[in-house]
Structure formats: structure tokens, C-alpha cells
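J.: Chains as they are written, first to last, in our numbering: chain A, 66 to 294; chain B, 66 to 294.
First the structure, then my questions, so here it is.
Number of protein chains: 2
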Amino acid sequence: MTIILYDLCGKNGKRFSPFGWRTRMALAHKGLEHHVELVKFTEKSKVEFSGQKLVPVLKDEDNVVSDSFAIAEYLEDAYPDRPSLFGSSEGRGMAKAINNFVDMTIMVHMGNMIVADVSGHVDPACLDYFTSSREARFGKPLPEVQVGRDDRVVAFRKTLEPIRRVVQDQPFIGGDRPTYADFPLFGVLQWARCTSTFAILEPNDPIRHWFERLLEDYDGVGKSEPAAV
Amino acid sequence: MTIILYDLCGKNGKRFSPFGWRTRMALAHKGLEHHVELVKFTEKSKVEFSGQKLVPVLKDEDNVVSDSFAIAEYLEDAYPDRPSLFGSSEGRGMAKAINNFVDMTIMVHMGNMIVADVSGHVDPACLDYFTSSREARFGKPLPEVQVGRDDRVVAFRKTLEPIRRVVQDQPFIGGDRPTYADFPLFGVLQWARCTSTFAILEPNDPIRHWFERLLEDYDGVGKSEPAAV
Numbered sequence: 066m067t068i069i070l071y072d073l074c075g076k077n078g079k080r081f082s083p084f085g086w087r088t089r090m091a092l093a094h095k096g097l098e099h100h101v102e103l104v105k106f107t108e109k110s111k112v113e114f115s116g117q118k119l120v121p122v123l124k125d126e127d128n129v130v131s132d133s134f135a136i137a138e139y140l141e142d143a144y145p146d147r148p149s150l151f152g153s154s155e156g157r158g159m160a161k162a163i164n165n166f167v168d169m170t171i172m173v174h175m176g177n178m179i180v181a182d183v184s185g186h187v188d189p190a191c192l193d194y195f196t197s198s199r200e201a202r203f204g205k206p207l208p209e210v211q212v213g214r215d216d217r218v219v220a221f222r223k224t225l226e227p228i229r230r231v232v233q234d235q236p237f238i239g240g241d242r243p244t245y246a247d248f249p250l251f252g253v254l255q256w257a258r259c260t261s262t263f264a265i266l267e268p269n270d271p272i273r274h275w276f277e278r279l280l281e282d283y284d285g286v287g288k289s290e291p292a293a294v
Numbered sequence: 066m067t068i069i070l071y072d073l074c075g076k077n078g079k080r081f082s083p084f085g086w087r088t089r090m091a092l093a094h095k096g097l098e099h100h101v102e103l104v105k106f107t108e109k110s111k112v113e114f115s116g117q118k119l120v121p122v123l124k125d126e127d128n129v130v131s132d133s134f135a136i137a138e139y140l141e142d143a144y145p146d147r148p149s150l151f152g153s154s155e156g157r158g159m160a161k162a163i164n165n166f167v168d169m170t171i172m173v174h175m176g177n178m179i180v181a182d183v184s185g186h187v188d189p190a191c192l193d194y195f196t197s198s199r200e201a202r203f204g205k206p207l208p209e210v211q212v213g214r215d216d217r218v219v220a221f222r223k224t225l226e227p228i229r230r231v232v233q234d235q236p237f238i239g240g241d242r243p244t245y246a247d248f249p250l251f252g253v254l255q256w257a258r259c260t261s262t263f264a265i266l267e268p269n270d271p272i273r274h275w276f277e278r279l280l281e282d283y284d285g286v287g288k289s290e291p292a293a294v
């Protein structure tokens, strides 16, 4: 029995996908051994068997699941004896709402601060694809996309306030231990940490302390991926 | 033993406070009888004993709690044998994060769509105070604040997407039954329902169906406050 995680990778196998990190943390939380299949930006055909072309994809025997939140729900249901990702059935829907808020109100503001930095970590064989697809999305050359980020990061930090006001008073969103509710924002910040040296967070931000706790947790799986230098 | 809820009221005792509704739903969820003290906009001295001047305030014997989320936490701890507001300890922090997201990414866009309509439900004795304080906040006469809301409501509806994507698949954010995670957005929509006839939601929006379920729940406490006509 082997769980296989298909996860995005960049240059030299670097894994910085914000969605991939949600799943890696979920697997670590459940304590599930798994095999990793690295998928470069131009190798999406590797996950065609899942009926779509986005990573991460989880394959567990005959079960194939895509979409990081759906993967979390699958793991919770398939491995109920392992530590719960959601704490309760009520927590599952709440974590999903938080997952969606992070995607739609926080993560959308990160791309234009780090996309050129990310390109420096993309495998050379995928760089043309990455650059042209992202330039089409942002409508300008990638270095220009990042212009003004010193100003925009101030607004970005404000988008973290709903979570900051929780983790300034307790270690994790769900209390004393991490739950899946922590992983969406963790993934966003890990994406930045692995690809960019831009200072996303101020030194004394409670969000930084929370992020550092998560980097250390689960035997330091988060920290095992080197920060950009 | 009597719990006293100090709640904002407008003309003829109308209760439309978005924060007051969070607490009313929490009390209904816990099935707790309580006495209500109505507080007009210019009667904030009635809650001075709480050390601050915002409503709602809950007084339960010698315990005085202000801030609607703090009131929910108090009720959860003081009445553990009643139905849980959060489902689990993990759900408490998650509900707090959702509460904060609703305040900071959704509710902030409602005021400029309904504030002039709200003024029509303010007690005449408080109307000068309400109008001058809100005009100072928005920087223009209240009817002008609402100009353009037909366009802005489209963007507002998009802010609901993180919650819409949960309640389109299940009855409430926490699953089959309401939890406190539902009440912050319920309060925002109830504020609009009680004060304005402006169509905030489209007829087939899953958020509307969710809101209507909540209006009916707890013996229809939400529906007991008449909609604006």
C-alpha cells in the first residue's frame, strides 16, 4: 500500500507550490508515509489520469483525488484513526470557509509581489512556458509586475488581520495544535519563503511567529525545504 | 437568575444591529431565556457599567461581557451542557477567524449600500446623532453615500464567495446544523433585511437559501423581526 503525492516542482526538485504545501502538511498531520512524484510545470500530462491537469494529486491505491481541500477531506475520511485534520465535523466546513477566504482575500495579493522571484526557481526547461503564461496573466514583463511591492505589501499585511487576531492569542487557529485551518495560509507564506527574499512579514508580526511554529512542527517538514537566499 | 442582553434599538424598538443579531442567535442556539434591555443610539450610558460603550452587552449575574464574539465564548464556557456554539475547541478559533473575515472583508462593504435606509429606522430622538456621525464617517450626505450601489452590490456578492462555496454543498457552514460560524454573516444580512428593501442577494444565490434557513431556525427568532417594506 503506497500513497503517491504528485506535487509541483521547480529547479533541482524544489517544491514551492502553495497548494502542494497544504497537502504535505495534511499528510504530515496524519503521519502518513507516501511516495512523491515530482511534476514540472510542463509535465502536467503526468496527472492526466486524474481527469484534470492541476497538482497536487493524491493517489491512494485506486482512489485518485485532486484539489488540495478535497484531498484533505479524503484523508480525514480514509484515515479516521489518525489525528483529525478538522477537530470535528463542524470544523470541516469552517476550515473550508477559511481555505476559501485565504484563496480569495489573501493569496490573490501575493502573486504580483513574488512572481519574478518565483521564475528564478523554475526548471530551465519550463521557464519559457512559465514566463509567457504569467506575462499573459499579468499583462506585463514579470520584473515590472513586482514594481511597487514595497507599498502593496502594507495592504497585503492587512489582509492577514482576520487570522492575526486569532493567533496573537493562541498558538494555532484551532487552538494549541495545528489543524487544516492553518495550512492554507501556511502554504501561501511557504510559497514566498521558498522563492523570494522579499520581506513579506514584519519581524514582530504574530503571523510570523505562528508561521515559524508551523515550520518547526511535524519534525520540521516545512523547514526541510530551504528558504530562498 | 436572569441573563440580560443590552441590544441596540431603533424606531419603535426595532432591533437591526448586526452584532446584536450574532448574540441573539447565540442565545437562541444555547436555548437561554433572557431579558432584553433596549439601548438607543444616544443611550449608550446604559452600558457604561461594562467599561465601554458598545452594544451588545451581556450581563449574567455578576458577569458582564461586551463584544459579540467574547459573549459567544462566555456562553460556551458558562453553559457547556447546552448545544455547542463551536462544535469543538478547534472550531472555536476557526469560528473566530470566520467572524473576523466577515467583519473585515464582507461587512465593510455593506454600510455604503444601506446607511441612508438604516436612517429611516432610527428613533427620531437619535436621528441627528446618527446622521451627523455617519456623514462624518462617509464624508457626504447619506443619500449620496448609497449612489452607485447597483454596481457595488455586484462586487459585494463576490465577497460572499468563500462562504457560498461551503453552503452550496451543505446546509450550514459547520454542516447539518448551525454553529456560531454562521452568525456573523447572518447578522450582516439581517441588518440589511430589517432596514432596507435593496436587493442585496440574487434570487438563486445559495447564500440566500442559507440565510432563509437561518431565519426559520430556532423557532424563527430571525424572522420575528419584520423585514423592511
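The C-beta atom is built at its ideal place from N, Cα and C for all residues, glycine as well.
It should be emphasised that the depicted structure is a prediction, and the values quoted were computed from it without experimental measurement.
(1) With a threshold of 7 Å on Cβ separation, who are the neighbours of Phe84 (chain B) within its own chain once the five nearest residues in sequence on each side are excluded?
(2) On the DSSP bridge list, what partners appear for His100 (chain A)?
(3) Run through chain A and tell me which residues come within less than 7 Å of Ile228 (chain B), C-beta to C-beta.
(4) At what residues does the beta strand (DSSP E) containing Asn128 (chain B) begin and finish?
(5) Taking C-beta to C-beta, are Ser149 (chain B) and Glu141 (chain B) nearer than 8 Å?
(6) Drop a sphere of 10 angstroms on the beta-carbon of Ser289 (chain A), count the other beta-carbons inside from all chains shown, and report buried for 16 or more, exposed for fewer.
(7) For Pro145 (chain B) and Ala93 (chain B), what's the separation of their Cα atoms in angstroms?
(8) What are the residues in the segment 158 to 190 of chain B lying within 9 Å of chain A by C-beta distance?
(9) Could you work out which residue in B:Asp182, B:Leu192, B:Glu155 is closest to Gln211 (chain B) when comparing CA atoms only?
(10) Could you check if Pro291 (chain B) is buried or exposed, using at least 16 other CB atoms within 10 Å of its CB as the buried criterion?
(11) Let me check understanding here. Comparing Cα to Cα, which of A:Trp256, A:Ser261, A:Arg222, A:Thr244 lies closest to Pro268 (chain A)?
(12) Which of helix, strand or coil does DSSP assign to Leu123 (chain B)?
(13) Sort A:Asp193, A:Thr262, A:Pro206, A:Leu103 by Cα distance to Asp72 (chain A) and report the nearest one.
(14) Return no unless some Cβ of chain B is closer than 8 Å to the Cβ of Glu141 (chain A).
(15) Can Phe237 (chain A) and Ala91 (chain A) be called in contact, C-beta distance under 8 Å?
(16) Which one of B:Ser115, B:Gly75, B:Glu277 has the shortest CA to CA distance from Ser184 (chain B)?
(17) Name the one or two DSSP bridge partners that Gly240 (chain B) has.
(18) Taking Cβ to Cβ, would you say Glu226 (chain A) is nearer than 8 Å to Thr244 (chain B)?
(19) Which same chain residues end up closer than 6 Å to Thr67 (chain A) when comparing Cβ atoms and leaving out the 5 residues on each side of it in sequence?
(20) If the criterion is Cβ atoms closer than 8 Å, does the pair Val171 (chain A) and Ala257 (chain A) meet it?
(21) So His174 (chain A) and Thr260 (chain A) are in contact, right, with Cβ under 8 Å, and what is the actual spacing, rounded?
(22) Ordered along the chain, which non-local residues of its own chain (more than five positions away) have a Cβ less than 6 Å from that of Gly239 (chain B)?
(23) Could you tell me whether any Cβ in chain B is nearer than 8 Å to the Cβ of Ile68 (chain A)?
(24) Which runs of the beta strand (DSSP E) spanning at least 3 residues fall entirely within the segment 166 to 241 of chain A, listed in chain order?
(25) Please state whether DSSP places Ser154 (chain A) in a helix, a strand or coil.
(26) Applying the 10 Å Cβ sphere with the 16-neighbour rule, what's the burial state of Gly116 (chain A)?
(27) Could you tell me if Gly158 (chain B) is buried or exposed, where buried requires 16 or more neighbouring beta carbons within 10 angstroms of its beta carbon?
(28) Measuring straight from C-alpha to C-alpha, what distance separates Val219 (chain A) and Arg278 (chain A)?
(29) Using a Cβ-Cβ cut-off of 6 Å (strictly less than) and excluding sequence neighbours within five positions of Asn164 (chain B), which residues of its own chain qualify?
(30) Where Pro208 (chain A) and Tyr194 (chain A) are concerned, what is the direct C-alpha to C-alpha distance, given to the nearest angstrom?
(31) Quick one: residues in its chain with C-beta nearer than 7 Å to the C-beta of Ala201 (chain A), no 5 flanking neighbours on either side, listed in chain order?
(32) Between the alpha carbons of Thr196 (chain A) and Gln233 (chain B), how many angstroms are there, rounded?
(33) Could you have a look at Asp270 (chain A) and say whether DSSP puts it in helix, strand or coil?
(34) If you follow the alpha helix (DSSP H) that Cys259 (chain B) is in, where does it begin and where does it stop?
(35) Need the endpoints of the alpha helix (DSSP H) that Tyr91 (chain A) sits in, please.
(36) Return the residues of the segment 243 to 262 of chain B that lie within a Cβ-Cβ distance of less than 9 Å from chain A, sorted by chain order.
T.: Let me lay it out:
(1) One-based indexing of the second sequence puts residue 84 (chain B) at position 19. Excluding five sequence positions before and after Phe84 (chain B), the CB atoms of its chain that fall closer than 7 Å to its own CB belong to Pro121, Ser133, Gly252, given in chain order.
(2) The count along the first sequence starts at 1 and reaches residue 100 (chain A) at position 35. Answer is A:Ile69.
(3) In the second sequence, counting from the first residue as 1, residue 228 (chain B) sits at position 163. Neighbours of Ile228 (chain B) on chain A, chain order: Ala162.
(4) Against the second sequence, residue 128 (chain B) aligns to sequence position 63. Judged by DSSP secondary structure, Asn128 (chain B) falls within the beta strand (DSSP E) whose first and last residues are 128 to 131.
(5) On the second sequence, position 84 is the one that residue 149 (chain B) refers to. On the second sequence, position 76 is the one that residue 141 (chain B) refers to. Yes.
(6) Residue 289 (chain A) sits at position 224 when you count from the first residue of the first sequence. When all chains shown are included, Ser289 (chain A) counts as exposed.
(7) Position 80 of the second sequence, counted from the first residue, corresponds to residue 145 (chain B). Position 28 of the second sequence, counted from the first residue, corresponds to residue 93 (chain B). The alpha-carbon of Pro145 (chain B) is positioned some 15 Å away from that of Ala93 (chain B).
(8) The residues in question are Gly158, Met159, Ala160, Lys161, Ala162, Ile163, Asn164, Asn165, Phe166, Val167, Asp168, Met169, Thr170.
(9) As a first step, residue 211 (chain B) must be located in the second sequence, where it is residue number 146. Measuring from the Cα of Gln211 (chain B), the nearest candidate turns out to be B:Asp182.
(10) What you label residue 291 (chain B) is simply residue 226 of the second sequence in a count that begins at 1. It counts as exposed.
(11) Stepping through the first sequence from its first residue, residue 268 (chain A) is reached at position 203. Comparing Cα positions, the closest option is A:Arg222.
(12) Taking the first residue of the second sequence as position 1, residue 123 (chain B) is located at position 58. If DSSP states are grouped into helix, strand and coil, Leu123 (chain B) belongs with the strands.
(13) Position 7 of the first sequence, counted from the start, is the residue given in the question as residue 72 (chain A). Sorting A:Asp193, A:Thr262, A:Pro206, A:Leu103 by C-alpha distance to the C-alpha of Asp72 (chain A) places A:Leu103 at the top.
(14) The residue you call residue 141 (chain A) lines up with position 76 of the first sequence. Among the CB atoms of chain B, none fall inside 8 Å of the CB of Glu141 (chain A).
(15) Walking along the first sequence from the start, residue 237 (chain A) turns up at place 172. Walking along the first sequence from the start, residue 91 (chain A) turns up at place 26. No; because the gap between Cβ atoms is not below 8 Å, this pair is not in contact.
(16) Translated into the one-based positions of the second sequence, residue 184 (chain B) becomes position 119. Nearest C-alpha to Ser184 (chain B): B:Gly75.
(17) If you number the second sequence from 1, residue 240 (chain B) lands on position 175. As a beta-bridge residue in DSSP terms, Gly240 (chain B) pairs with B:Phe237.
(18) For the purposes of this step, residue 226 (chain A) is identified with residue 161 of the first sequence, where counting begins at 1. For the purposes of this step, residue 244 (chain B) is identified with residue 179 of the second sequence, where counting begins at 1. Judged by their CB atoms, Glu226 (chain A) and Thr244 (chain B) are not nearer to each other than the 8 Å cut-off.
(19) Here residue 67 (chain A) refers to the residue found at position 2 of the first sequence. Short of 6 Å from the beta carbon of Thr67 (chain A), and not among the five residues preceding or following it, lie these beta carbons of its own chain, in chain order: His100.
(20) Position 106 of the first sequence, counting from 1, holds the residue named residue 171 (chain A). Position 192 of the first sequence, counting from 1, holds the residue named residue 257 (chain A). First, the amino acid is wrong: residue 171 (chain A) is Ile here, not Val. Going by beta carbons, Ile171 (chain A) and Ala257 (chain A) fall outside the 8 Å limit.
(21) Residue numbering aside, residue 174 (chain A) sits at position 109 when the first sequence is read from its first letter. Residue numbering aside, residue 260 (chain A) sits at position 195 when the first sequence is read from its first letter. Not confirmed; about 16 Å, so no contact.
(22) The sequence position of residue 239 (chain B) within the second sequence is 174, counting from 1. Gly152, Ala246.
(23) In the first sequence, counting from the first residue as 1, residue 68 (chain A) sits at position 3. No, no contact with chain B.
(24) Entirely contained in the segment 166 to 241 of chain A, not one beta strand (DSSP E) run reaches 3 residues.
(25) Within the first sequence, residue 154 (chain A) is the residue found at index 89, counting from 1. Looking at Ser154 (chain A) - three-state DSSP - the assignment turns out to be helix.
(26) In the first sequence, counting from the first residue as 1, residue 116 (chain A) sits at position 51. So Gly116 (chain A) counts as exposed.
(27) Counting from 1 along the second sequence, the entry for residue 158 (chain B) is found at position 93. It counts as buried.
(28) Against the first sequence, residue 219 (chain A) aligns to sequence position 154. Against the first sequence, residue 278 (chain A) aligns to sequence position 213. If you take the alpha carbons of Val219 (chain A) and Arg278 (chain A), they lie about 23 Å apart.
(29) Position 99 of the second sequence, counted from the start, is the residue given in the question as residue 164 (chain B). Non-local beta-carbon contacts of Asn164 (chain B) in its own chain, meaning distances under 6 Å to residues more than five positions away in sequence, involve Phe134, Pro249 in chain order.
(30) If you number the first sequence from 1, residue 208 (chain A) lands on position 143. If you number the first sequence from 1, residue 194 (chain A) lands on position 129. One C-alpha to the other measures close to 16 Å.
(31) The residue given as residue 201 (chain A) occupies position 136 in the first sequence. Excluding sequence neighbours, Ala201 (chain A) sits near nothing in its chain.
(32) Looking up residue 196 (chain A) in the first sequence gives position 131. Looking up residue 233 (chain B) in the second sequence gives position 168. Roughly 36 Å separates the two Cα atoms.
(33) Working through the first sequence from its first residue, we reach residue 270 (chain A) at position 205. Coil, per DSSP.
(34) Taking the first residue of the second sequence as position 1, residue 259 (chain B) is located at position 194. Where Cys259 (chain B) is concerned, the enclosing alpha helix (DSSP H) stretches over 248 to 260.
(35) Taking the first residue of the first sequence as 1, we reach residue 91 (chain A) at position 26. A small fix is needed here, since residue 91 (chain A) is Ala in this sequence, not Tyr. Its alpha helix (DSSP H) spans residues 83 to 95.
(36) Residues of the segment 243 to 262 of chain B with a C-beta less than 9 Å from any C-beta of chain A: Thr244, Ala246, listed in chain order.
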